[in-house]
Each structure stands twice: as C-alpha cells, then as structure tokens.
Amino acid sequence: YIDAVQFMRTGADRLHDREDGLEKSMTAERVEQLKELSQMPDVYERLAHALAPSIYENEDVKKGVLLQMFGGAKKDLTNTGHSQFRAEVNILLCGDPGTSKSQLLQYVYHLLPRGQYTSGKGSSAVGLTAYITKDPETRQLVLQTGALVLSDNGVCCIDEFDKMNDSTRAILHEVMEQQTLSIAKAGIICSLSARTSILAAANPRESRWNPKLTTVDNIQLPHTLLSRFDLIFLILDPQDELFDRRLAKHLVSLYHQNPQRDDEDHMDRDTLRDYIAYARVLKPRLGEEAGQMLIHAYVEMRKIGSQRGSVSAYPRQLESLIRLAEAHAKMRLSDTVEPVDVDEAKRLHREALKQSAVDPRTGTIDIGILTTGLSATERTRRSAITKVLRKLLDAKGAKVASVKYQQIFNELKEQSDAPVFPAQFDAALRDLQDDDFLIRTGETIRLC
C-alpha cells in the first residue's frame, strides 16, 4: 500500500481513454457498422423496438427512455460566469399495477454499465447518498458512497418511488437539478458529483389510476419533485377486448417463438449497448434554425396557457425540450441539432404532458398541476370558498368571538352551490389564518 499525503491531477482527460464511464475500445469495423445503422431511415424505430422487446407497445415510453440513455450535451460554462447546465434527462413512469414498469427498469439497469437499481421501500437516505464507517485496518472514519453517486454518468432506476420516505425523497431535489450531493457528516464535508439520470416508477395511492384526480393527487408526490422530471408517462390498463387479445397473443408468442429470428428485423442487445456507448460521447451543438424553433415552441406554449388563465409552460419545460432535442441528435450520430430533432422533442414532450398535466375538470393541459400542485380551476375554486368563508365569519364576528370547526363547516356547505370538501375547507382556513383574520386552535376557530 502507498500512503498518499497529497495528489494532484495533471491532465483533463480520463484514464484509459474513457469518456462518461463508457469504454471507447471499439474496432474500426464495429464503428463502421454503427454508422451504417445510423443512416437507416427507421433507426429511431429500430432502437426503440430493440429496447425491452418483450414489453408490448408503449412506443412513446420506450422512445423517451431511449433518449434518456443517450442524454443531452454536457455544457460547462462556469469559466464564463454561468452555471453548469444539466444534461441528464429524468423520467417518471406511473400508472396501474402490472403494466411492465418494473420490467422496463430492470432492462435499463442491465443494459447500461453505470446503472444502479433500488427500490423505494428498501432504500434509506444514507443508502442513496453516503454513510460514514470505520476502516477495519486504520480505524479511521471513511465515506462510503451510495446508489446515486455510484450511478454517476449513468442511470439510477428507482422502483416503488411512491413508497419512499419523505426524508429519503428530499435528497433527490439537489441531485435532480444541481447534479451534486452535499455531505456534512462526522467532520467530513464535501460535495460529490451525482450526474445521474433518474428513472423512477410509481403506483397510484388507490392501486388503480383515478381519472377524476390530478397526477399529484393520484401518486401523492410533492409537486416540487414532480416538476424536476422532464417526462412523466402514464402507463394505464385500457381494459379493451381488442387490446387484451393482442397483448395475450404477444405474451404467448414469447414462449413458443423460434430463437433463430431474422436479425434484420430485430436488433440484439449488444448492438444496442454499443450504439448507446458510441453516441453518448458526442456533443451536438444547437443550430440556428433549431434554436428559433425552440423559442417559437416555448412562446406558443406560454400563449396557449395565458388565453385560459393558466400556465402551460415554465423555463424548465424549455430546458427539457433542449435536452430531448440534443439526445435525438445523438441518436442520429449528428454533431448539430436540426429541426427534425426539435420536432420529435416537441411531440414526445406534448404526449407526456397530455397524459400527466391534464386538468380533469376542464380536460386542458395545465403545467401548474406539476409545479404548484393546483390547477387554475382549483385555485379559482379555492379563492371563491375563501371569500364565502370570510363573509360568513364576518357576519358571526359581531356576535361571538369564537366558533366551532364542524358548525362553521356545515353552514358553509349549506350556503355553497358546489360541494365543499374538508381539504378545501382546511385550505381556506389556512389562507385566512395567513391574513391574520382568524386563529385555529384544535376544533375551535377564534376571530381576530
């Protein structure tokens, strides 16, 4: 053993000519095969079909996961005074049980060399980040890294994401946006790199997806965490006889199919792995025409929401479009992001929003559901309930100084034209308490 007091890095390149944790030790013949594959007009569909071929349909979900494995182009602008932009794509899969979410996570974990797989129920905060232990020989405190740090420049697959503890889930806020992990334990203070893509799967709280509730209400995850996912896909069971027949036919064919299939129609896993490894090292630049298309797409998304009084896009959505367009350019082995990449990024992002950010009351897309937890109609309804409650308490304030919670709740339901739920009533009380209009103590409401 060598006891190193100090070491200094002299070169910016990685050991053994490695880039992003993937070996660039391919032969010239193999590289030529990958370039020929990229020139095929249907290479996008071929790669998506090769990803988890045993899973039936869900083509858009597979394409989103495929772009996640390619990732965006890394940009380090710290020398120019700008912050470092995130290049990793985060995806959340949620929906009915038994829709192959866990199987897709397992496939991605076995496909990538820097992948880590963990379950939300069996994961702790130190298991994801780092923990302090004593070295058995020197008896000194050492830092052991967890799953998020070990999957640096890879994908961390988290199953049962909805069953994760709140304290464990809070760690992901820094990792999913700043791509770092700050540690301050037992005198060890450091910041570790966690440039990992998060691929998570969650089940709804009622076991089945309720179309009358929003995504936040269905899976009970904080909106601050949901807004950090670039794509949120719903994988639902359609309960259609024609779909069930096609699915059963596909599953049965997996058991009796000929192992010697036509290689022209089916890409093997090694080819897919090599293609992803070769494409990840590319750094495509945003072209002028593609940049103008992204600006136009973001302005149009904002305009659609402003016409309905809701917010349909935030700057995070624009950054997601850029990352998806760069990943699609990598898939084509191109050095420039072209309009075809922006079109696919817009289509994939729109398909995800149509599933996850739709207001069940109006049927329109409202990104505020994922960023604030409330839709525009819900905020309007909450404001109306607060106004009626204030008027009701003003009328009682001249006679009594305090009222009972259940009594005022029943009177409010009688005066309201629409049904009032306890959660809406509690939210209205909190709003009035923030305005110093009342003070709630248990089941008693005192007027100020």
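Each position in the sequence shown, counted from 1, maps to that position plus 2 in our numbering. C-beta atoms are modelled at their ideal positions from N, C-alpha and C, and glycine is treated no differently. No experiment lies behind these values; they were computed from the predicted model shown.
Quiz prompt | Residues near Pro206 in its chain [Cβ-Cβ closer than 6 Å; skip 5 each side] | solution = Listed in chain order, the non-local C-beta contacts of Pro206 below 6 Å within the same chain comprise Asn220 and Ile221, local neighbours out to five positions each way being set aside.
Quiz item: Quick one: any contact between the region 235-246 and the region 91-110, if contact means 3 or more CB pairs under 8 Å?
Solution: Cβ pair count under 8 Å is three or more, so yes.
Quiz item: Along the chain, where does the alpha helix (DSSP H) that runs through Thr217 open and close?
Solution: It spans Thr217 to Ile221 - the alpha helix (DSSP H) in which Thr217 sits, taken as one unbroken run.
Self-check item: Residue interval of the alpha helix (DSSP H) (run including Ala52)
Solution: Segment Val45 to Ala52, the alpha helix (DSSP H) holding Ala52.
Quiz item: Taking the C-alpha atoms as reference points, what is the distance between Glu25 and His112?
Solution: Note that Glu25 scores a pLDDT of 44, beneath 50, so its modelled location is shaky; the value from the coordinates is reported in the next line. If you draw a straight line from the Cα of Glu25 to the Cα of His112, it comes to about 16 Å.
Quiz item: When the Cα of Ile387 is compared with those of Asp428, Ala347 and Glu353, which residue comes out closest?
Solution: Out of Asp428, Ala347 and Glu353, Asp428 has the C-alpha closest to the C-alpha of Ile387.
Quiz item: When the cut-off is 8 Å and only beta carbons count, does Ile387 lie next to chain D?
Solution: Protein chain content of the structure displayed is limited to a single chain, and chain D is not contained in it.
Quiz item: So who's on the other strand from Phe235, going by DSSP bridges?
Solution: Phe235 is bridged to Leu95.
Quiz item: For the alpha helix (DSSP H) that Arg448 lies in, which residues bound it at each end?
Solution: Segment Thr446 to Leu449 is the beta strand (DSSP E) holding Arg448; no alpha helix (DSSP H) there.
Practice problem: Within 10 angstroms of the Cβ of Ile324, are there 16 or more other Cβ atoms? Answer buried if so, exposed if not. | Solution: Under this definition Ile324 is a buried residue.
Quiz item: What did DSSP end up calling Thr273 once you bin it into helix, strand or coil?
Solution: For Thr273, the secondary structure class from DSSP, reduced to helix, strand or coil, is helix.
Quiz item: What number of angstroms, rounded off, separates the C-alpha of Val151 from the C-alpha of Ile200?
Solution: When rounded, the distance between both Cα atoms is 12 Å.
Self-check item: Cβ shell of Arg392 (< 7 Å), same chain only, five flanking positions each side left out
Solution: Only Leu434 and Phe439 meet the Cβ criterion.
Exercise. Would you be able to state if there are at least three C-beta pairs under 8 Å between the region 50-59 and the region 185-200?
Key: The region 185-200 vs the region 50-59: no contact.
Quiz prompt | Residue nearest to Gly129 in terms of C-alpha spacing, selected from Gln105, Gln108 and Asn167 | solution = The candidate whose alpha carbon is nearest that of Gly129 is Asn167.
Quiz item: In terms of DSSP beta bridges, what is Thr443 paired with?
Solution: Thr443 is bridged to Thr446.
Quiz item: Grouping DSSP H, G and I as helix and E and B as strand, with all else coil, what is His298?
Solution: Three-state DSSP puts His298 in a helix.
Practice problem: Note down, in chain order, each residue of its chain lying with its Cβ closer than 8 Å to the Cβ of Cys450, except the 5 sequence neighbours on either side. | Solution: Correct list, in chain order: Asp438, Phe439, Leu440 and Ile441.
Quiz item: What three-state label does DSSP hand Val402 in the structure shown?
Solution: Looking at Val402 - three-state DSSP - the assignment turns out to be coil, as it is neither helix nor strand.
Quiz item: What are the partner residues of Arg282, as DSSP defines its beta bridges?
Solution: Looking at the DSSP assignment, Arg282 forms no beta bridge with any residue, so it has no partner.
Quiz item: Can the beta-carbon of Ser40 be found closer than 8 Å to that of Arg247?
Solution: Contact: no.
Quiz item: Per DSSP, which one or two residues make a beta bridge with Asp161?
Solution: Beta-bridge partners of Asp161 (DSSP): Ser121.
Quiz item: What is the DSSP secondary structure of Ile185, reduced to helix, strand or coil?
Solution: Strand at Ile185.
Quiz item: So what does DSSP say about Lys26, is it helix, strand or coil?
Solution: Any reading at Lys26 needs caution, since the residue's pLDDT is 49, under 50, leaving its predicted position unreliable; the model's value is listed next. Coil.
Practice problem: Could you please give the first and the last residue of the uninterrupted beta strand (DSSP E) stretch that includes Leu194? | Solution: Start and end: Ile190 to Ser195.
Self-check item: Every unbroken alpha helix (DSSP H) inside the region 100-155 [4 residues or more]
Solution: Fully enclosed alpha helix (DSSP H) runs of 4 or longer: 103-113, 127-130 and 149-152.
Self-check item: Rounded distance between the beta-carbons of Val33 and Tyr277, thought under 8 Å
Solution: Between Tyr277 and Val33 the beta-carbon gap is near 11 Å, outside 8 Å, which marks them as no contact.
Self-check item: Extent of the continuous alpha helix (DSSP H) to which Ile4 belongs
Solution: DSSP places Ile4 outside any alpha helix (DSSP H), giving it a letter other than H or E.
Self-check item: Buried or exposed by the 16-neighbour rule on C-beta atoms within 10 Å, applied to Tyr257
Solution: The residue is exposed, with fewer than 16 neighbouring Cβ atoms inside 10 Å.
Quiz prompt | Which residues DSSP lists as bridging Val339, in chain order | solution = In the DSSP output, where bridge partners are listed per residue, Val339 has Leu288.
Quiz prompt | Beta carbon of Leu106 nearer than 8 Å to that of Ala54 | solution = Yes, the pair counts as a contact, with Cβ atoms nearer than the cut-off.
Quiz item: Roughly how far, in whole angstroms, is the beta-carbon of Ser121 from the beta-carbon of Asp164, given that I think they are within contact range, below 8 Å?
Solution: Your pair Ser121 and Asp164 does not check out as a contact, with CB atoms roughly 11 Å apart and the cut at 8 Å.
Quiz item: Where DSSP assigns a beta bridge to Ala202, which residues make up the other side?
Solution: DSSP lists Leu94 and Ile160 as partners of Ala202.
Exercise. Quick one: which unbroken beta strand (DSSP E) runs of 3-plus residues sit fully inside the region 385-439? Chain order, please.
Key: Counting whole runs of 3 or more residues, the region 385-439 contains the beta strand (DSSP E) stretches 404-406.
Practice problem: Please go through the same chain and pick out, in chain order, the residues whose beta-carbon is closer than 8 Å to the beta-carbon of Gln108, but skip the five residues on each side of it. | Solution: Exclusion of the five residues before and after Gln108 leaves Tyr119 and Cys159 as the residues of its chain whose Cβ lies within less than 8 Å of its Cβ.
Quiz item: Any idea which residues DSSP pairs Phe87 with across the strands?
Solution: DSSP output for Phe87 lists Lys77 as bridge partner(s).
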